[in-house]
Each structure stands twice: as structure tokens, then as C-alpha cells.
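Okay, structure first, notes after.
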């Protein structure tokens, strides 16, 4: 895929969604950090449901730490891997208070030293909370990048590195959100919605799905 085609893809994604946002609900960098930790192998919808109650009770490192693992667990029990996530959240709050005066750090290195925070989580926080041009490659972005030909790679890191090189600079800040939303709602895993895809003619996927002929026949 060439530069002109990549620029056209992002131009169309921007046109249909000029100001994309994460679907995780948060008010502070700390709330976002916890929501992203909880979102591993879970849907944003399930995380939002859990954090709506949790953040009403405790939304600072000190308040979460006061609840402890046993206190957090009832709020997040509906989310997968809740036991390990509760332990990581408490440990992260301890680290934030001990090393960062209770504030979420603004560097990748410091973020990745927090329990339960890997490269993907750090990228989300850096991009969404602090406005840095990072791309957190999840399953949706990995699929879209490979399927469309936008940034093929065999590993998550390879796709991230390729995207950082080939996404036109003017689109880099929001590329993360555009690609996730596109993968979540259009370029889905089992059956991509190619007939209603805004970038279908630019996409290099060879096995595009076709519109249901019954729908065509029923249209006036």
C-alpha cells in the first residue's frame, strides 16, 4: 500500500468521525489508567458498568488503596480475570503514591513499571490522557492493519512500529481510535461489513464480503 492510499484512508475515517474518542468512560488520567487495566480481555461496556460504581466510591489512589483487594473485588467481579486485576490495581496505587505523589506518570518507562501495565496500556494512557501520538495495537487494530494492507506485521509490536512509520503525521494523534472503532464496528473478525465500509475501495483485502442480494431486491 502506498502513501497516497494510506492518506486517503485516514482522510475518510476523519471525515466520518472528526473527533474520535475512547469508549471507556473516565474523568481523570487515574480513572483512565484503571479502566484500561480492567479492559484486558474484557469489553469496554463491561468495564464502564463496573467503574461507574467503583469510581463513585473511590477514584483516587488513596481511596482505592483504602478499599484493598477485598473491597475492590465486588465492583469488578463481572469482569474477566478480576482477581489478578484487583491485585494489580492495588499494587499500582501503592506505586503511584510511593513514586509519583499519587499522579499518573507521563512517560512510557514509568507507566510500564506499574503492576498490570504493559506497552499497550501505556500507549492508551499516553495517547488518550496526555495527547501523545502513540498507537496501542489491540486485536482490532492488528486485524485491520493486516487485513487492509495498511501496516502488515506478524506481531503486535511489528504492526505498531509499522503504523508509527507509515501513518501520515497529520493523522497520527487519532489513528489509534479510528482504527479501533473501524475494527470494532465495520472490519469485524468473522464477517467484515465491506458493503458499508467507507474505505472498501482502498482496502487491499482480497476476500471482501458482498451485499445481501435480498436487501438489494427489497430496496425501491
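Residue numbers (this note's numbering): 137 to 356.
Think of the CB as a built atom: it goes at the ideal place given N, C-alpha and C, for glycine as much as any other residue.
Bear in mind the structure is a predicted one, so any value in this text is a computation, not a measurement.
Item: Determine whether the beta carbon atoms of residue 311 and residue 302 lie at a separation below 8 Å.; Value: no
Item: In three-state DSSP terms, what is residue 341?; Value: coil
Item: Quick check on the burial criterion: 16 or more other C-beta atoms within 10 angstroms. Buried or exposed for residue 267?; Value: exposed
Item: If you draw a straight line from the C-alpha of residue 356 to the C-alpha of residue 137, how long is it?; Value: Any reading at residue 356 needs caution, since the residue's pLDDT is 48, under 50, leaving its predicted position unreliable; the model's value is listed next. Distance between the alpha carbons of residue 356 and residue 137: 37 Å.
Item: Evaluate the contact criterion for the region 253 to 270 versus the region 142 to 156: three or more CB pairs, one atom per stretch, below 8 Å.; Value: no
Item: One question on the structure: do residue 182 and residue 211 come within less than 8 Å of each other, judged by their Cβ atoms?; Value: no
Item: Where does residue 340 land, buried or exposed, given buried means 16+ other C-beta within 10 angstroms?; Value: exposed
Item: Say whether chain C places a C-beta atom closer than 8 Å to the C-beta of residue 319.; Value: This model lacks chain C altogether; it includes just one protein chain.
Item: With DSSP as the reference, label residue 179 as helix, strand or coil.; Value: coil
Item: Could you please give the first and the last residue of the uninterrupted alpha helix (DSSP H) stretch that includes residue 245?; Value: 244 to 248
Item: Less than 8 Å between the beta carbons of residue 271 and residue 299, yes or no?; Value: yes
Item: Is the distance from the Cβ of residue 208 to the Cβ of residue 215 below 8 Å?; Value: no
Item: Counting beta carbon pairs with one atom in the region 271 to 284 and one in the region 314 to 330, are three or more of them shorter than 8 Å?; Value: yes
Item: When the Cα of residue 260 is compared with those of 161, 241, 168, 329, which residue comes out closest?; Value: 168
Item: Output needed for residue 196: all residues of its chain with C-beta closer than 8 Å, excluding positions within five of it in sequence on either side, in chain order.; Value: 166, 238
Item: Is residue 273 helix, strand or coil by DSSP?; Value: coil
Item: Near residue 297, which residues of its chain fall below 8 Å by C-beta distance, leaving aside the five closest residues on each side in sequence?; Value: 289
Item: State buried or exposed for residue 139, treating a residue as buried only when at least 16 other CB atoms are found within 10 Å of its CB.; Value: exposed
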